[in-house]
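*Asks:*
Number of protein chains: 2
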Amino acid sequence: MPKLGMEPIRRAALVKATIDEIGAQGSLDVTVSQIARRAGMSSALAHHYFGGKEDIFLAAMRHTLTVYGAAVHGALVMATTPRDRVTAVIRASFGAVNFRPEVVSAWLNFYVLAQTNPQAQRLLVIYQKRLRSNLRHDLRPLVGDRADGAAERIAGLIDGLYLRQTLGTRVPSGTRAAAHVLALLDLELQVVT
Amino acid sequence: MPKLGMEPIRRAALVKATIDEIGAQGSLDVTVSQIARRAGMSSALAHHYFGGKEDIFLAAMRHTLTVYGAAVHGALVMATTPRDRVTAVIRASFGAVNFRPEVVSAWLNFYVLAQTNPQAQRLLVIYQKRLRSNLRHDLRPLVGDRADGAAERIAGLIDGLYLRQTLGTRVPSGTRAAAHVLALLDLELQVVT
DNA sequence: CTTTTTATTGATTGACGAGTCAACAAAAAG
DNA sequence: CTTTTTGTTGACTCGTCAATCAATAAAAAG
Numbered sequence: 033m034p035k036l037g038m039e040p041i042r043r044a045a046l047v048k049a050t051i052d053e054i055g056a057q058g059s060l061d062v063t064v065s066q067i068a069r070r071a072g073m074s075s076a077l078a079h080h081y082f083g084g085k086e087d088i089f090l091a092a093m094r095h096t097l098t099v100y101g102a103a104v105h106g107a108l109v110m111a112t113t114p115r116d117r118v119t120a121v122i123r124a125s126f127g128a129v130n131f132r133p134e135v136v137s138a139w140l141n142f143y144v145l146a147q148t149n150p151q152a153q154r155l156l157v158i159y160q161k162r163l164r165s166n167l168r169h170d171l172r173p174l175v176g177d178r179a180d181g182a183a184e185r186i187a188g189l190i191d192g193l194y195l196r197q198t199l200g201t202r203v204p205s206g207t208r209a210a211a212h213v214l215a216l217l218d219l220e221l222q223v224v225t
Numbered sequence: 033m034p035k036l037g038m039e040p041i042r043r044a045a046l047v048k049a050t051i052d053e054i055g056a057q058g059s060l061d062v063t064v065s066q067i068a069r070r071a072g073m074s075s076a077l078a079h080h081y082f083g084g085k086e087d088i089f090l091a092a093m094r095h096t097l098t099v100y101g102a103a104v105h106g107a108l109v110m111a112t113t114p115r116d117r118v119t120a121v122i123r124a125s126f127g128a129v130n131f132r133p134e135v136v137s138a139w140l141n142f143y144v145l146a147q148t149n150p151q152a153q154r155l156l157v158i159y160q161k162r163l164r165s166n167l168r169h170d171l172r173p174l175v176g177d178r179a180d181g182a183a184e185r186i187a188g189l190i191d192g193l194y195l196r197q198t199l200g201t202r203v204p205s206g207t208r209a210a211a212h213v214l215a216l217l218d219l220e221l222q223v224v225t
């Protein structure tokens, strides 16, 4: 009983299923069948709407990055001072939407994908550039020409805490992770020059 | 023409080949045949000396961690003051041996392996604990009860810079990466309480 | 010498997975 | 109504790969 206009629905379902499956399985070794089953359709249909497995992966990455970007953007509009803006970026990075274990696990695997897939690499590089650029921009009025280094360290620590999260030894706490980065921000602002 | 006492030689060759192959390919999707070929033997022989693929991976991880640990240890014996010791750990982390692109790429993939393999997870957790413990111990005399947070931040930044390295956009520079972490150390020590 | 132990591989098996295709169903267009 | 477009799948192909095994060869032990 084919209903019309299924394409966007199916694509969205597949993208979500892909992130969930990669996250749940903790690996890129997920079959198209698994993804399709999780999205409630046959693997043939998945191949029909996307060209192949890699295209599905890339769409899932784009979606993840978009969600992340939206969270950051949403937090930024409510911030006024430069310091508030930096804080907003940090908080958004560890917000409930982005810092869920499956999502973090998916991120890790996207880094792996980027090792072999130029498209994936491009996407991650863009994300990195944006994050640093955001931080640098708002740090400039706060610490002047130390902004570059500070942005690099804050961004690096964010990535590092994500990585740590993938080992999932303790219960995930975005709040705690954010606190670590905010402490670093304090340090950067307290500096005696 | 079988020479005797080949076992340790073959095992070592396989371990090295595994790291190289994972690094070169940027993925855990390396076949036993590829590893064996790189190590100059048949895949059957690889299976003979190790139980299976996972055992080969775990041996490669152990080796990587051992090499890293040795580098840190070697740097520590030449350091005297607490600050020198922290600096030594940081420098060793980004030393020429550990910060080669293939090795960093292998590290990334070991994190992925740890998502599904409990043994691999255990190994990485031990590495994390050791690194933090080392840092905490030497930071204590420098910053007192702020040592815990400082160690967490420094360790996190190290991991984050490793992660960044895997995207390999620019030429890898362990020196530059180390400089970032040393700058953070400066901040931690300059703090006004 | 024979027998055992160690080293080694080509060939094979068995499983699994990406991608294709023919065929069927229903809605929209004509 | 017919035809075309859109949605959907089961079955199949083709390739790959981990793991096994039988067979060969040389050294060591007896």
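In the order they appear, the protein sequences are chains A and B. So for the first sequence, our numbering puts the first residue at 33; every next one is plus one. So for the second sequence, our numbering puts the first residue at 33; every next one is plus one. Every residue gets a Cβ at the ideal spot worked out from N, C-alpha and C, and that includes glycine.
(1) What does Leu189(A) reach in chain B if we use C-beta pairs closer than 7 Å?
(2) If the cut-off is 7 Å on Cβ atoms, which residues from the segment 192-215 of chain B count as contacting chain A, listed in chain order?
(3) Ignore the nearest five residues each way along the sequence and tell me which others in Leu214(A)'s own chain have a CB closer than 7 Å to its CB.
(4) Check this for me: beta carbons of Val135(A) and Gly84(A), under 8 Å apart or not?
(5) Quick one: is Val144(B) buried, meaning 16 or more other Cβ sit within 10 Å of its Cβ, or exposed?
(6) Does the CB of Val144(A) have a neighbour CB from chain B at under 8 Å?
(7) Any Cβ of chain B within less than 8 Å of the Cβ of Ser59(A)?
(8) Are the segment 199-219 of chain B and the segment 176-192 of chain A touching by the rule of at least three beta carbon pairs closer than 8 Å?
(9) I need the DSSP call for Lys85(B), collapsed to helix, strand or coil.
(10) Quick check: what's the CA-CA separation for Ala179(A) versus Pro173(A)?
(11) Would you mind stating whether Arg42(A) and Leu77(A) have Cβ atoms separated by less than 8 Å?
(12) Which residue from Glu39(B), Glu220(B), Pro204(B) puts its Cα closest to that of Val129(B)?
(13) Just the C-alpha distance for Ile51(B) and Ala71(A), rounded to the nearest angstrom, thanks.
(14) Identify the contact partners of Ser165(A) in chain B, using a Cβ-Cβ distance below 7 Å as the criterion.
(15) CA-CA distance, Gln160(B) and Gly192(B)?
(16) Are Ala49(A) and Met93(A) touching if we call contact CB-CB under 8 Å?
*Replies:* If we stick to the structure as given:
(1) Going along chain B in sequence order, the residues near Leu189(A) (Cβ under 7 Å) are Arg185, Gly188, Leu189, Gly192.
(2) Cβ contacts with chain A come from Gly192, Leu193, Leu195, Arg196, Thr198, Leu199, Thr201, His212, Ala215.
(3) Counting only residues of its own chain and dropping the five nearest sequence neighbours on each side, Leu214(A) has a CB closer than 7 Å to the CB of Thr119, Ile122.
(4) No.
(5) Classification of Val144(B): buried, given that the 10 Å Cβ count is 16 or more.
(6) By this cut-off, Val144(A) is an interface position.
(7) It does: the Cβ of Ser59(A) has a partner Cβ on chain B nearer than 8 Å.
(8) Flag = yes, the segment 199-219 of chain B and the segment 176-192 of chain A touch.
(9) Here Lys85(B) sits in helix by DSSP.
(10) Going by C-alpha positions, Ala179(A) is about 8 Å away from Pro173(A).
(11) A contact, by the Cβ cut-off of 8 Å.
(12) Looking at the Cα atoms, Pro204(B) is the closest of the given residues.
(13) Those two C-alpha atoms are separated by around 36 Å.
(14) Those within 7 Å of Ser165(A) in chain B number zero; the least Cβ separation is about 14 Å.
(15) Using only the alpha carbons, I get a separation of about 13 Å.
(16) Between Ala49(A) and Met93(A), the gap from beta carbon to beta carbon reaches 8 Å or more.
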